[in-house]
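Take 13 as the starting number for the sequence shown in the numbering used here and just add one per residue. Note that the Cβ used here is the ideal one computed from N, Cα and C, for glycine as well. See structure below.
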Amino acid sequence: MSLIISNIALHFLSKIEETGEVQLRLGPEEIEQSQKITNFVDGLHGIYNAKGSKAYGSFNSTTAEGDSARFVDLMESYLNEQQSFYQFSCQAGNVLKNEIEKYDLAETGYLIICHYEFMGGRYLLAAIIPITEHYSVDGELNISADQHLDTSKLQLAARIDLFDYQQNAQGNRYISFIKGRAGRKVSDFFLDFLGCEEGLNAKEQTQTLVQAVEDYVAVNQLDATEKQKTRKDLLNYCKDQKASSQDVSIQELGKVIEPAGAETDFYQFCQEQSYPIEESFPHEQAVVNKITKYSGYGNGISLSFERSHFGEDVVYNPHNDSITIFKVPPNLKEQLLSLLANQDSESNE
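Here you go:
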């Protein structure tokens with residue numbers, strides 16, 4: 013396993029319903045490093061990476077108000093060895109506690125702050141892990157209830173790329189964070205706790221990339237087969253980058269997308285056209301997926317098909333808003349024939 017934990021702290025946040033007071037219960041000063049702890053952080057790292065709805069930003073330049081400390085200043089004091097990791101985590105926990113009280117939220121759970129290394133990168137992860145109640149039965153068939161950390165419901169989390177931050181403090185993407193659920197923004201308190209402001213927009217960058225590829229295949233007048241191959245080359249490259257937690261590089265992509273007959277490679281094309289796109293950036297895979305596949309859901313109907321089938325095996329008529337599908341998939345055809353047979357037998361009864 014390539015994940016190495018430098019320091020980790022765990023604290024508990026709860027809210028007293030009667031008074032509305034938020035309580036911070038500090039965890040142990042030393043959490044013994046074990047394979048179990050490493051496995052836990054490795055799993056958390058994987059869950060965080062798999063989250064598709066992430067945004068990117070940086071620490072804002074707002075000065076601290078009164079006696080309150082900024083997260084970035086507390087973090088710096090730890091990185092510069094002016095205080096211990098535990099002291100830093102306790103102070104950060106109090107900053108978070110104050111933000112929750114300010115917004116009058118009923119947010120509870122375990123605050124985990126972890127400094128670790130993975131695949132040559134150095135990261136600081138801050139997250140609130142929710143609690144879920146579960147039940148168990150003993151040998152006497154007695155039912156008991158207990159609580160566990162529900163990492164599958166991780167929503168309040170941010171990660172700082174320490175290498176990027178220390179080498180490019182003026183950058184706009186060394187902090188990544190999970191976007192809020194529908195109707196609720198993480199920035200309401202969690203980003204204020206971090207003192208983070210959104211910078212690079214990964215979705216917009218990815219949309220520009222997809223448009224650039226579409227322009228590239230159009231300008232070079234590629235045939236249908238070359239167009240589809242170019243789109244799949246983009247898709248596969250982006251999938252590989254996502255799996256390894258690496259940014260998309262336009263220069264690398266220029267070596268991946270090399271259709272026969274093109275006058276210039278993709279990288280040169282992007283430079284000539286001056287697209288508003290970074291040389292490298294974290295992408296949103298869901299946006300890239302749409303370049304080779306169309307899908308939709310509504311009114312109980314779900315439909316998905318490869319772009320290459322459009323106009324041939326899948327024909328859309330905008331005049332009567334209908335879709336005709338030729339070469340019906342065998343498994344669907346079997347179900348439809350069974351449905352027709354059942355309808356016929358019911359009508360004969």
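The alpha helix (DSSP H) enclosing residue i, as first and last residue numbers
i	result
residue 25	Premise fails: residue 25 lies in the beta strand (DSSP E), 15-27, not in any alpha helix (DSSP H).
residue 243	236-255
residue 65	Counting along the chain, residue 65 falls outside any alpha helix (DSSP H), and DSSP gives it neither H nor E.
residue 72	Counting along the chain, residue 72 falls outside any alpha helix (DSSP H), and DSSP gives it neither H nor E.
residue 85	83-91
residue 159	Careful: residue 159 lies outside any alpha helix (DSSP H), inside the beta strand (DSSP E) at 155-161.
residue 301	297-301
C-alpha gap between residue i and residue j, whole angstroms
i	j	result
residue 350	residue 342	12 Å
residue 302	residue 211	24 Å
residue 116	residue 89	29 Å
residue 266	residue 304	19 Å
residue 313	residue 339	19 Å
residue 55	residue 251	20 Å
residue 141	residue 49	15 Å
residue 295	residue 217	7 Å
residue 58	residue 215	21 Å
residue 114	residue 309	40 Å
Unbroken beta strand (DSSP E) run spanning residue i, endpoints
i	result
residue 136	133-141
residue 309	305-310
residue 173	168-173
residue 262	Here residue 262 belongs to no beta strand (DSSP E); instead the alpha helix (DSSP H) covers 262-268.
residue 287	Segment: none, residue 287 is in no beta strand (DSSP E) and carries neither H nor E.
residue 329	326-329
Reference residue i; option with closest CA among the options
i	options	result
residue 36	27, 44, 158, 333	27
residue 83	222, 71, 233, 161	71
residue 126	287, 91, 249, 150	91
residue 170	209, 147, 162, 149	209
residue 254	40, 17, 16, 65	65
residue 19	205, 32, 307, 45	45
residue 23	96, 121, 173	121
residue 25	178, 174, 102	102
residue 300	244, 81, 86	244
For residue i, three-class secondary structure by DSSP
i	result
residue 36	strand
residue 146	strand
residue 54	helix
residue 362	Examination of residue 362 is not possible in this model, given that the chain is present from 13 through 361 alone.
residue 335	strand
residue 340	coil
residue 43	coil
residue 180	coil
residue 164	helix
residue 188	strand
residue 350	helix
Contact test: residue i Cβ vs the ligand NAD heavy atom, cutoff 7 Å
i	result
residue 315	With respect to the ligand NAD, the structure shown offers nothing to examine, as it has no ligands at all.
Whole runs of the alpha helix (DSSP H) within the region 200-227, excluding any shorter than 4 residues: 202-206
Entirely enclosed beta strand (DSSP E) segments - the region 96-129, minimum 3 residues: none
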